[in-house]
Amino acid sequence: MNEQQKRSLMIAGAVVAIVAAIAFVTREATKPTETINKFEDVPAKGIDRNAGKAERKER
1 MNEQQKRSLM
11 IAGAVVAIVA
21 AIAFVTREAT
31 KPTETINKFE
41 DVPAKGIDRN
51 AGKAERKER
């Protein structure tokens, strides 16, 4: 096995590892968990998403 083949194999392995890591993170991020559901009932403190909409409509 020459240097070119070794380098190609290493690059292919790195690409597979990166794709696997991205797939794992994406799957974990989109999986509904108890921790995410816990925060749905808690109102956001200090952030009112509707604040300022009434003023904008008046203009």
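For the sequence shown, this note's numbering assigns the number 59 to the last residue and increments by one with no breaks. Built from N, CA and C at the ideal position, the CB exists for glycine as well. The model shown is predicted, which means the values in this text are computed figures rather than measured ones.
| Query | Result |
| --- | --- |
| Which value, in whole angstroms, describes the spacing of the CA atoms of I64 and Q5? | What the structure shows of the chain is the stretch from 1 to 59, and residue 64 is not part of that stretch, so it cannot be assessed. |
| Looking at the unbroken alpha helix (DSSP H) that takes in M10, where does it start and where does it end? | E3 to T30 |
| Taking just the CA atoms, how far does V25 sit from S8? | 26 Å |
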